Amino acid sequence: MATKVRNIVPLLDRVLVQRIKAQEKTSSGILIPEKAQEALNEGYVVAVGKGALNKDGAHIAPQVNVGDKVLLPAYGGSNVKVNGEEYFLFRDSELLAKVTEE
Amino acid sequence: MATKVRNIVPLLDRVLVQRIKAQEKTSSGILIPEKAQEALNEGYVVAVGKGALNKDGAHIAPQVNVGDKVLLPAYGGSNVKVNGEEYFLFRDSELLAKVTEE
Amino acid sequence: MATKVRNIVPLLDRVLVQRIKAQEKTSSGILIPEKAQEALNEGYVVAVGKGALNKDGAHIAPQVNVGDKVLLPAYGGSNVKVNGEEYFLFRDSELLAKVTEE
Amino acid sequence: MATKVRNIVPLLDRVLVQRIKAQEKTSSGILIPEKAQEALNEGYVVAVGKGALNKDGAHIAPQVNVGDKVLLPAYGGSNVKVNGEEYFLFRDSELLAKVTEE
Amino acid sequence: MATKVRNIVPLLDRVLVQRIKAQEKTSSGILIPEKAQEALNEGYVVAVGKGALNKDGAHIAPQVNVGDKVLLPAYGGSNVKVNGEEYFLFRDSELLAKVTEE
Amino acid sequence: MATKVRNIVPLLDRVLVQRIKAQEKTSSGILIPEKAQEALNEGYVVAVGKGALNKDGAHIAPQVNVGDKVLLPAYGGSNVKVNGEEYFLFRDSELLAKVTEE
Amino acid sequence: MATKVRNIVPLLDRVLVQRIKAQEKTSSGILIPEKAQEALNEGYVVAVGKGALNKDGAHIAPQVNVGDKVLLPAYGGSNVKVNGEEYFLFRDSELLAKVTEE
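Protein chains in written order, with our numbering: chain A, 2 to 103; chain B, 2 to 103; chain C, 2 to 103; chain D, 2 to 103; chain E, 2 to 103; chain F, 2 to 103; chain G, 2 to 103.
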């Protein structure tokens, strides 16, 4: 049975993120060659762990929620493949910013 | 007497993991040459230590249980051979995520 | 929909900064070639996170506010692009000094 | 007077371990050349220190006892020679797992 | 409007220092070539931050005051240019010693 | 006046150790050339500091006493010469084990 | 006005030390060439800071006093020149031992 992304439960303060893919076509529909596609450091939060443990053994609530759009650091994170799709696990404190939609 | 895996008791926050082997045949039964087999960073928890010590000397309960399917980090872990089988000891906090079966 | 800078909410003790661009012309209007433009380590605070967490889980109030002019360290910070404009995310404690206007 | 192993009292959280030697003959008695002998990361605990100090100055009881069979990390440990025999001093927290006999 | 040094407010435990320039002439008035001028690790404190935060969130009072003459470490510090003059920002704890005038 | 070893008072958790010299002759009296002499990681404790400071400013009593025979780590320690004799200063916690005489 | 050594007030846990110069002549008065002079890791304490801060903001009393003869580590320390004389600033905890005179 293939692993589904909804079955992945990040541990501690880890956050599962799906990186937003770079635009493959211009707005007028012309295909952008792969090399010219800009790597995007934005993603959507797909799953959130319970949080790191404080010294009393309680979980510290993470700063983000499922569905949040976030800015990702240029380095770090563990990439995992689920059904051929690539996802990233970051620690909550590594995420740079939330992006709110108006 | 050969060491059996059920005789291994991880110390502190260590977790004994059996890595899931990469598929050696395609779904239609054709043998995949070893180089083309994708390394899988998934495994099953075989044994769990009592947990790291907090500053009061009590064990911090680990985040995983025997039988859990887990995502493993790309680096780290100590490999041990038990009866010719390879296992890995990770610290509880190094495991990335649990994979739940539906 | 393009991300707008007012939609970026820095996480924890991160501060979003717009670096002040180096002068492109001399005071008499002569264009300064790009190589001769001095890199400026000054910027304006555009957005401020709630602050890092102390050990009781409360946010530590950052030292700067939106609109503050700040001196930036020569190294560090994550650069992010928003609508083609470059911004920088620094941790509050990395900012060197505030610059007050008289 | 030569130092005897029973005279060695490990300090703090150090544990004196005698590494189990690799098999020098096959089960049918044929000699295995030294290079083909597999290095074993197993040993027996020969002596145990009182434990590291917690912040109140009390010893933290080690996780292993004299006579325990343990899995050793691939790196680390200080080797000491006692009467020509090689022993290893590990910190209690470096030992990977206990191996229980059935 | 040009930044003036009196407008710079160091953040946290940072201290703004103006390094004392090496002597450019001998006592008899002969010009010393720049290479022969000895770099001086002394300076005057120009501005002082409120101090680093302790774990209760209060500022720890810095060890120096504006006007103090101080010995500077050989390495470290961030240099900033204000109106073409070079200044240095050190952390309070990096300063080696105060120099009192008799 | 030459410094005498009994005049050296180690500071904090430092321990002054005289390394036991390797045997220069075989038991039958034949001289062992210097290169064949095995370096010994054993020594006698010659002086002991009051101990490192705990967070309340009290000294933590060291684990060894003057006259103790100790096993030394392969690396670390500061060597000092007193009257042409070489001694070593280790931190109390760097010493591996005590060797008790029967 | 030239800085005098009695005007230097070390900050926090820093200690100003004057290194004892190596002997320049043999006891019979023959000059020792500079290369043959042995570097001495001994010095006299010339000034002592108030001590590092503990977490309550109080100074931790240093382990040495002005006039103490001390053993210096082979590495570390900041050298400062006062009136052409070289001095060294060490942190109190870097000093290895006091040397008492009989």
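Backbone N, C-alpha and C define an ideal beta-carbon position, used for all residues, glycine too. What you are looking at is a predicted structure, and each value in this text was computed from that prediction instead of being measured.
For residue 12 (chain D), the chain F residues whose C-beta falls within less than 7 Å of its own C-beta are 64, 96, 97, 98 and 99, listed in chain order. For residue 7 (chain G), no beta strand (DSSP E) segment is defined, and its DSSP state is neither H nor E. For a Cβ distance threshold of 8 Å, residue set 100, 101, 102 and 103 of chain D lies close to residue 8 (chain B), ordered along the chain.
Using a CB distance cut-off of 9 Å, residue 90 (chain A) counts as an interface residue toward chain B. Just so you know, the alpha carbons of residue 94 (chain E) and residue 81 (chain G) end up roughly 17 Å apart. Excluding the 5 residues flanking it on each side, residue 10 (chain B) has same chain C-beta neighbours closer than 8 Å at 48 and 50, in chain order. Residue environment analysis places residue 22 (chain C) among the exposed positions, since fewer than 16 neighbouring C-beta atoms fall within 10 angstroms of its C-beta.
Beta-carbon to beta-carbon, residue 72 (chain D) and residue 98 (chain F) are separated by about 22 Å, too far to satisfy the 8 Å threshold. In the structure shown, residue 94 (chain G) adopts helical secondary structure according to DSSP, grouped into three states.
Closest in alpha carbon position to residue 100 (chain A), among A:13, A:63, A:78 and A:45, is A:45.
Contacts with chain D at 9 Å (Cβ-Cβ) include residue 75 (chain F). Residue pairing from DSSP places residue 99 (chain B) in a beta bridge opposite A:10 and B:71.
Contact check for residue 17 (chain D) and residue 76 (chain D): beta-carbon distance about 18 Å, past the 8 Å limit, so the pair fails to qualify. The alpha-carbon separation between residue 61 (chain D) and residue 59 (chain C) amounts to approximately 31 Å. Not flagged as an interface residue toward chain D: residue 17 (chain F), since no C-beta distance is shorter than 9 Å. The beta carbon of residue 65 (chain A) sits closer than 8 Å to those of 16, 46, 49, 71, 93, 96 and 99, all from its chain and outside the five residues before and after it, given in chain order. Taking 9 Å as the threshold, the shortest C-beta distance from residue 59 (chain G) to chain E does not fall below it. By the Cβ neighbour-count rule, residue 85 (chain D) is exposed, with fewer than 16 other Cβ atoms within 10 Å of its own. Membership of residue 32 (chain B) in any beta strand (DSSP E) is not indicated, and neither H nor E is assigned to it by DSSP. Here residue 42 (chain A) is near residue 74 (chain A), since their CB atoms are less than 9 Å apart. Only exposed fits residue 57 (chain F), as fewer than 16 other CB atoms lie within 10 angstroms of its CB. Taking 9 Å as the threshold, the shortest C-beta distance from residue 81 (chain A) to chain B falls below it. Straight-line spacing of the CA atoms in residue 102 (chain C) and residue 52 (chain C) works out to 25 Å. Non-local beta-carbon contacts of residue 19 (chain D) in its own chain, meaning distances under 6 Å to residues more than five positions away in sequence, involve 44, 45, 47 and 88 in chain order. Across the structure, residue 55 (chain E) and residue 14 (chain G) are spaced so that their CA atoms are roughly 18 Å apart. The beta carbon of residue 68 (chain C) sits closer than 8 Å to the beta carbons of 45 and 46 from its chain, once the five residues preceding and following it are set aside; these are given in chain order. Here the alpha carbons of residue 29 (chain E) and residue 8 (chain E) stand approximately 38 Å from one another. For residue 48 (chain G), the enclosing beta strand (DSSP E) has its first and last residue at 43-49.
Under a criterion of Cβ atoms nearer than 8 Å, the residues of chain G adjacent to residue 54 (chain F) are, in order, 61. Annotated three-state conformation of residue 64 (chain D) is coil, per DSSP. Following the DSSP letters along the chain, one finds residue 82 (chain C) inside the beta strand (DSSP E) bounded by residues 79-83. In the DSSP assignment, residue 76 (chain B) forms no beta bridge with any residue.
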